[in-house]
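These notes concern the structure reproduced below.
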Amino acid sequence: MRKILYVLCLLTTLVACSDDDDKIITDYDKPYTKLPSSELRTLIEDNISSCEALVKEFSEMEENNEIFDLIRYYDINLSFNISDFINSRSSDSNKENTFTGMKLVWNKDKQDFDTTINAAGFMEVLFPSSKTDQSQNDLRFIATIDYSTGVCLKMEVYKGEEILLHKVQQYNKETSEAIQIVKCPPYSQMVKMEINYDDIVSRFIMRRMPKEVIVQKDGGDYYSLSLNIENGNLHLVTDFNNIRIRSTFEQYNSIQALIEEIYYTNEGRYDELVTELFRKNMRESVIVFTDKDEKIGEWEFVELKRGAESPFPLCKCMFQDGTELFFRLYTFI
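So the sequence shown is numbered by this note's numbering: it starts at 524 and just counts up by one.
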């Protein structure tokens, strides 16, 4: 009998330990870091600032990047859009990969492209990697359409086996998910949305807010934004390198309906009331480290009003020692 009781006690102890080991600590329940608030202030400000610079560098990439400069110089069309191909799917799935497209090959003698209809894909372009030395067409641009998982438009530029530019637009009607990916080393960006077909206007920019945005630089900064609605609540999570800012907004659809009501009935107090509406419905609003289980502080909106001088919401972080930091919550949407 004693042996049975001993075994039962041992099993109970093991189960209890297993439960503790598997327990996931939420960001809100993480213990406060022991770093001083002065150091934390600098970490928050520097990481937000560096990620803002990262997104700016990425957005200016087409102006500063050599590949985009060559594409403009040789007048290669990169403006194809997934919305142009959504209704182009073949009625016979066995015929979808047999499409023959247009092939362009740069002719240096006539300073123009020779055109044939024998492309390995929707469109194929061979052109030089230099504006002055046009002795060889060593760059290859190819655009392909894939209907195996909805509609996928892929455009890539190669030099030999090296991919210099990778752009993908994908829409899955069954899951209502749209994804856009751009990779141009050392930068990359991914935007994910959940949309309905009716939300597709004319370009890939839809009438819905993104579910997820990621911008990063190889060996450098990392920025991400996630907006996820679950059970009517909006979960916001945004990472600035190893600093994470998150919150849950209860009954987000109700907030949206009230915002419209405030707009038409409270002229002059719109910004004040909308800010208060969001602030009163924020839950578990914390700033944490992503690389260790430590909380930096809690935060809230101070002013949602945006303008030319302040395009991002003004927020406030409250540290454990009672000091506060006012900062702009940078959001790339």
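Just so it is clear, CB atoms sit at the ideal spot from N, CA and C, and this is done for glycine as well.
| Query | Result |
| --- | --- |
| Reference SER653, options LEU662, MET646, PHE645, closest by Cα | LEU662 |
| Rounded C-alpha distance that separates MET646 from ASN570 | 41 Å |
| Bounding residues of the alpha helix (DSSP H) (the contiguous stretch that carries THR788) | 775–788 |
| Cutoff 8 Å; reference THR672; Cβ partners in own chain excluding five residues on either side | GLN693, ASN695 |
| Contact the stretch 806–813 vs the stretch 758–770: 3+ CB pairs below 8 Å | yes |
| PHE801 in three-state terms, based on DSSP | helix |
| Under the three-state DSSP convention, the category THR813 falls into | coil |
| For TYR793 and PRO709, the rounded distance between their alpha carbons | 42 Å |
| Close Cβ partners of GLU847 (< 8 Å) along its chain, the five nearest in sequence each way excluded | LYS839, CYS840, MET841 |
| One or two residues paired with MET678 in a DSSP bridge | ALA666, LYS690 |
| 8 Å contact criterion, which ARG802 and GLU773 should meet: CB distance rounded | Not quite, the Cβ-Cβ distance comes to about 12 Å (not below 8 Å), so this is no contact. |
| Nearest-angstrom Cα separation, counted from LEU649 out to VAL736 | 32 Å |
| Local conformation of GLU700 per DSSP, three classes | strand |
| ASN751 vs LYS734 beta-carbon contact at 9 Å | yes |
| Within 9 Å, strictly: CB atoms of GLY742 and LEU577 | no |
| MET678 versus LEU593: straight-line alpha-carbon distance, rounded | 15 Å |
| LYS715 versus PHE608 - alpha carbon distance | 19 Å |
| Cβ distance (whole Å) where THR655 is taken to contact LYS818 below 8 Å | Not really, about 57 Å apart at Cβ, beyond 8 Å. |
| Helix, strand or coil at ASP607 [DSSP, three-state] | helix |
| Of the residues ASN776, PHE763, LEU748, GLU589, the one placed nearest LEU757, counting alpha carbons only | ASN776 |
| Identified DSSP bridge partners for GLY820 | ILE810 |
| Element boundaries [beta strand (DSSP E), containing GLU746] | The sequence shown places Tyr at residue 746, not Glu. That run of the beta strand (DSSP E) goes 745–753. |
| Secondary structure of LYS839, DSSP reduced to three states | strand |
| Backbone secondary structure at ALA642 - three-state DSSP | strand |
| Residue range of the alpha helix (DSSP H) that includes ASN587 | 584–587 |
| Cβ pair CYS707, LEU688 closer than 9 Å | yes |
| Reduced DSSP category for ARG564 - H, G, I as helix; E, B as strand; rest coil | helix |
| Own chain partners of SER725 with C-beta closer than 7 Å, once the 5 adjacent residues on each side are dropped | Only weak support exists for where SER725 lies, its pLDDT of 38 falling under 50; the value from the coordinates is given anyway. Contacts found: SER606. |
| Start-to-end residues for the beta strand (DSSP E) that takes in LEU757 | 756–763 |
| Beta-carbon proximity of VAL797 to LEU827, cut-off 9 Å | yes |
| SER711 versus GLN657: straight-line alpha-carbon distance, rounded | 29 Å |
| CB of PHE704 within 9 Å of CB of LYS690, strictly | The sequence given here places Ile at residue 704; Phe does not occur at that position. Taking 9 Å as the Cβ cut-off, ILE704 and LYS690 qualify as a contacting pair. |
| Counterpart residues of LEU649 in DSSP-defined beta bridges | VAL628, ARG663 |
| As assigned by DSSP and simplified to three states, the class of TYR596 | helix |
| Assigned secondary structure, GLU826 (DSSP; H/G/I helix, E/B strand, else coil) | strand |
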